[in-house]
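Number of protein chains: 2
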Amino acid sequence: MKKIILVALLCCASAQMISAQSSTEKNKTMNVLRHVVMFKFVDKATPADIKKIEEAFRALPSKINLIKDFEWGVNNSPEKLNQGLTHCFFLTFSSEKDRDAYLIHPAHKAFTDIAGPSIDKVTVLDYWMHK
Amino acid sequence: MKKIILVALLCCASAQMISAQSSTEKNKTMNVLRHVVMFKFVDKATPADIKKIEEAFRALPSKINLIKDFEWGVNNSPEKLNQGLTHCFFLTFSSEKDRDAYLIHPAHKAFTDIAGPSIDKVTVLDYWMHK
């Protein structure tokens, strides 16, 4: 009987640990600051220039651990309301302090030096996530 | 002994069910189409007009089940690169077909009728999520 209780306790403990992880993920959404960056490239930017910028941006989360989440993609809206912007990079921070520190981070500065000459227009909006 | 095995099997099965849920969540990210909508309001739009539009947009997921995820927020970027856009609404679809059906959905059309007179500029980018 003791063995049954022990096995049950161990299994339930592991189930609870997994459940606790999901709960932590949920709590994180309470503290989510989005940073939406959109680019229009200059006409003379080559596919190679653009690929280099995509890869440089994608490398930032590995260099700046203030970035809590990162995703990106290329516009495919049929609405033609993208104002020439073709690329969207969508970053998540946990605080305005982290976002501000990212903006002046040397790795971010180095990225803007790489991207700058190929960029015609940048649009940036940040927002605290509401549902 | 049989009881021990039974309890262990039951507990492990429940742990696996929880784990499988996380796995399903992960797989969903493979099929994520983002729809980023940003507004600049006309100067004469009152706080009440803007609040009405926020609430009308927030009501759309309850009316259009093609919307898989929804969040929104008000710009607080210190970079002043928001091109006058103040509000960001961030929707997720599972396919371009669903996104296209949303665009012509009667509830979406009704929303644009409400919002239209208060909107000076709209910027929209859609993208398949890449990490």
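Chains as they are written, first to last, in my numbering: chain A, 19 to 149; chain B, 19 to 149. Backbone N, C-alpha and C fix where the C-beta goes; we use that ideal spot for every residue, glycine too.
Residue i at chain B interface by Cβ criterion, 9 Å
i, result
"A:N49", "no"
"A:P65", "no"
"A:L103", "yes"
"A:T110", "no"
"A:H126", "no"
Residues that residue i contacts on chain A, provided the C-beta gap is smaller than 8 Å
i, result
"B:V60", "Those do not exist, as B:V60 stays about 17 Å from chain A at its closest Cβ, beyond 8 Å."
Contact set between residue i and chain A, taken where Cβ atoms lie within less than 7 Å
i, result
"B:E89", "M147, H148, K149"
Opening and closing residue of the beta strand (DSSP E) in which residue i lies
i, result
"A:D61", "Element bounds for A:D61: n/a, residue is neither H nor E."
"B:L109", "105–111"
"A:V92", "87–92"
Residue interval of the alpha helix (DSSP H) (run including residue i)
i, result
"A:E97", "Element bounds for A:E97: n/a, residue is neither H nor E."
"B:I132", "124–133"
"A:L121", "114–121"
Selected residue, minimal CA-CA separation from residue i, among the options
i, options, result
"B:K58", "B:L51, B:E72, B:N49", "B:E72"
"B:L51", "A:R52, A:V92, A:R117, A:K127", "A:V92"
"B:L101", "B:H148, B:V140, B:N49", "Before going on, a small fix: residue 101 of chain B reads as Gln here, not Leu. The shortest C-alpha separation from B:Q101 is found at B:V140."
"A:E97", "B:S95, B:Y120, B:P96, B:N83", "B:Y120"
"A:H53", "B:F75, B:K81, B:C106", "B:C106"
"B:K127", "B:W90, B:V142, B:D61, B:I82", "B:I82"
"B:I68", "B:K149, B:W146, B:F129, B:F108", "B:F129"
"B:V60", "B:L143, B:K115, B:D138, B:V142", "B:D138"
"A:A125", "A:W90, A:L103, A:L78", "A:L78"
Heavy atom of the ligand HEM within 8 Å of residue i beta-carbon
i, result
"B:D116", "The ligand HEM is absent from the structure shown, which contains no ligand whatsoever."
Per DSSP, the bridge partner or partners of residue i
i, result
"B:V140", "B:F57"
"B:L78", "Answer is none; B:L78 lacks a bridge partner."
"B:L51", "B:F111, B:W146"
Interface partners of residue i on chain A, CB under 9 Å
i, result
"B:P96", "E114, R117, D118, L121, D144"
Per-residue contacts from residue i into chain B (C-beta, under 7 Å)
i, result
"A:T130", "Correct list: empty, because the minimum Cβ distance to chain B is about 11 Å."
Under 8 Å by beta carbon: chain B residues contacting residue i
i, result
"A:N93", "L143, D144, Y145"
Interface flag, residue i vs chain A, CB-CB below 9 Å
i, result
"B:L99", "yes"
"B:N45", "Any reading at B:N45 must be qualified, since the residue scores a pLDDT of 40, below 50, and its modelled position is unreliable; no value is offered."
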